[in-house]
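A.B. asks: In this note's numbering, each residue's number is its place in the sequence shown (first place is 1) plus 287. Yeah, the Cβ is synthetic: ideal placement off N, Cα and C, and Gly gets one too. This one's a predicted model, so the numbers in the text were calculated from it and none came from an experiment. Take this structure first; my questions come after.
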Amino acid sequence: MEKFNLDNLVRENIKQLKPYSSARSEYRGNAEVFMDANENSYGSPVVLPSYEREGAGMGLHRYPDPLQWQLKLELSKIKGFPSQNIFIGNGSDEVIDIAFRIFCEPGKDNVIICPPTYGMYKVCANINAVEAREVLLTKDFQLDVEGILSVIDEHTKLLFICSPNNPTGNNFNRMDIELLLNNFHGIVMIDEAYINFSRQKSFLQELTEYENLIVMHTLSKAWGLAGLRLGLGFASELIIDLFNKVKPPYNINQSSQQLGLEALGKLNEVNANIKRTIEQRILLEKELKEFDFIKNIYPSDSNFILAKVQNADKLYQYLLLHRIIVRNRSNEPLCENCIRITVGTPLENETLLKALKNYG
Ligand SMILES: *Cc1c(COP(=O)(O)O)cnc(C)c1O
């Protein structure tokens with residue numbers, strides 16, 4: 288494929304698209320009377336706590352800010368990256384889906400994924416009728432760079448790299464990723480959902496270097512906000528503009544914007560939880576290694592542990608009986624008899640270990 292050219296990668300219908308223009312995106316300023324959006328002028332039956340306290344945001348009877356500028360401003364301070372290079376999705380899942388809809392022509396284009404990895408890339412490809420070319424990781428769960436380069440053709444639009452990878456928990460070699468960034472002239476999506484638990488540094492710093500890079504973060508893991516659905520995409524302004532063009536006008540609801548903003552002010556608390564999680568992971572890894580039915584604990588740079596056991600189905604069912612749910616990954620390639628365990632609180636980890644002591 289020739290050199291990176293964003294214009295050549297974007298679907299024709301998206302280039303031609305005249306995006307929906309909402310009442311709230313047309314008007315910017317400080318009006319007092321809002322009669323433009325057919326909202327309910329009499330208010331909403333419920334209010335957000337922060338609204339009651341200090342009138343911090345708009346009531347729920349108003350449509351939210353379509354571009355979430357307040358939230359982006361705070362994110363920009365935390366991530367050290369300009370607001371106009373940030374896209375906020377209704378979870379990372381929306382960021383992934385919109386990438387497909389911008390770049391991939393159904394029935395014609397293809398993307399590359401590297402199993403075992405996060406399931407949504409393939410599901411999203413299937414929903415959008417886009418071929419997902421699968422290039423398995425190597426035996427030590429690293430990228431098969433040669434294999435990836437060999438399946439690229441002129442219809443390959445996206446390459447998904449999840450680092451630290453789910454469900455294997457490890458980081459990919461940085462030089463492999465850089466090699467792919469330099470040699471693949473489609474879009475490289477690096478999913479860093481677990482980066483806050485990792486020793487690897489983020490690829491955010493690399494964004495000025497690579498115009499074909501999109502880095503994804505999420506508030507669902509280290510930030511403890513899976514329920515709010517806030518996923519982040521970082522990229523060049525040209526790419527972010529495309530995402531804004533295609534997204535639903537009010538994709539981030541008002542309560543998510545306000546509660547997300549509140550959470551961003553509690554960085555110390557979040558960092559303390561990250562530290563506790565890593566401490567507990569190390570402890571749990573050590574304890575799990577003691578059981579003879581646990582054959583291998585894979586090195587983790589995340590908030591979960593992948594363990595190869597004697598019989599994953601049996602162990603999974605046993606834990607279920609003790610009302611403990613882990614993730615059975617046995618049917619994933621390279622993950623035969625593997626279970627994935629999310630690091631719990633000290634009490635939860637103790638409960639798991641106690642149950643395992645009676646297993647056999
Ligand atoms: C959990 C996870 C996410 C987060 O998805 P959200 O939609 O933001 O909750 C993204 N990528 C990977 C690999 C994950 O494991």
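1) For G473 versus N499, is the C-beta spacing smaller than 8 Å?
2) Leaving out five residues on either side along the sequence, give the residues of the same chain with a beta carbon under 8 Å from the beta carbon of L304.
3) Rounded C-beta distance between G511 and N560? I'm assuming under 8 Å.
4) Verify the contact flag: D427, CB atom, against every heavy atom of ligand 1, threshold strictly below 7 Å.
5) Just to confirm, are F368 and G520 a CB contact at a threshold of 8 Å?
6) Could you tell me which of I385, I611, A310 and Q355 sits nearest to L546, measuring between CA atoms?
7) Can you give the Cα-Cα distance for L517 and L360, rounded to whole angstroms?
8) Is any heavy atom of ligand 1 found at a distance shorter than 7 Å from the C-beta of S507?
9) CB of A480 to nearest heavy atom of ligand 1: below 7 Å?
10) Considering just the uninterrupted stretch of the beta strand (DSSP E) at I301, what are its terminal residues?
11) Would you mind stating whether D478 and Y405 have Cβ atoms separated by less than 8 Å?
12) Mapping the DSSP letters down to three states, classify K364 as helix, strand or coil.
13) Please confirm whether any heavy atom of ligand 1 lies closer than 7 Å to the CB of N453.
14) What is the rounded straight-line gap between the Cα of V502 and the Cα of A522?
15) Alpha carbon to alpha carbon, what distance is there between L424 and K444?
C.D. replies: Short version:
1) Here residue 473 corresponds to residue number 186 of the sequence shown, with the count starting at 1. Here residue 499 corresponds to residue number 212 of the sequence shown, with the count starting at 1. Closer than 8 Å, so yes.
2) As a first step, residue 304 is located in the sequence shown; it is residue number 17 there, counting from the start. Within the same chain, L304 has close Cβ partners K532 and V533.
3) For this step, residue 511 is matched to residue 224 along the sequence shown. For this step, residue 560 is matched to residue 273 along the sequence shown. Sure, about 6 Å apart at Cβ, within 8 Å.
4) Here residue 427 refers to the residue found at position 140 when the sequence shown is read from its first residue. Relative to ligand 1, D427 has its C-beta separated by 7 Å or more from all heavy atoms.
5) Numbered from 1 along the sequence shown, position 81 holds the residue referred to as residue 368. Numbered from 1 along the sequence shown, position 233 holds the residue referred to as residue 520. Against a cut-off of 8 Å, the Cβ pair of G520 and F368 comes out as no contact.
6) The count along the sequence shown starts at 1 and reaches residue 546 at position 259. The shortest C-alpha separation from L546 is found at Q355.
7) Taking the sequence shown and counting its residues from 1, the one referred to as residue 517 is at position 230. Taking the sequence shown and counting its residues from 1, the one referred to as residue 360 is at position 73. One C-alpha to the other measures close to 15 Å.
8) Numbered from 1 along the sequence shown, position 220 holds the residue referred to as residue 507. The beta carbon of S507 sits closer than 7 Å to at least one heavy atom of ligand 1.
9) By one-based count along the sequence shown, residue 480 stands at place 193. Yes, ligand 1 has a heavy atom inside 7 Å of this Cβ.
10) Sequence index remark: in the sequence shown, residue 301 carries index 14 (1-based). It is not in any beta strand (DSSP E) - I301 instead sits in the alpha helix (DSSP H) that spans E299 to Q303.
11) Stepping through the sequence shown from its first residue, residue 478 is reached at position 191. Stepping through the sequence shown from its first residue, residue 405 is reached at position 118. Yes.
12) Here residue 364 refers to the residue found at position 77 of the sequence shown. When DSSP states are grouped into helix, strand and coil, K364 belongs to the helix group.
13) The count along the sequence shown starts at 1 and reaches residue 453 at position 166. Yes; taking the cut-off as 7 Å, the Cβ of N453 has a heavy atom of ligand 1 nearer than that.
14) Reading the sequence shown from its first residue, position 215 is the one you call residue 502. Reading the sequence shown from its first residue, position 235 is the one you call residue 522. Distance between V502 and A522, taken at the CA atoms: about 7 Å.
15) The residue you call residue 444 lines up with position 157 of the sequence shown. The residue you call residue 424 lines up with position 137 of the sequence shown. The alpha-carbon atoms of K444 and L424 are separated by roughly 20 Å.
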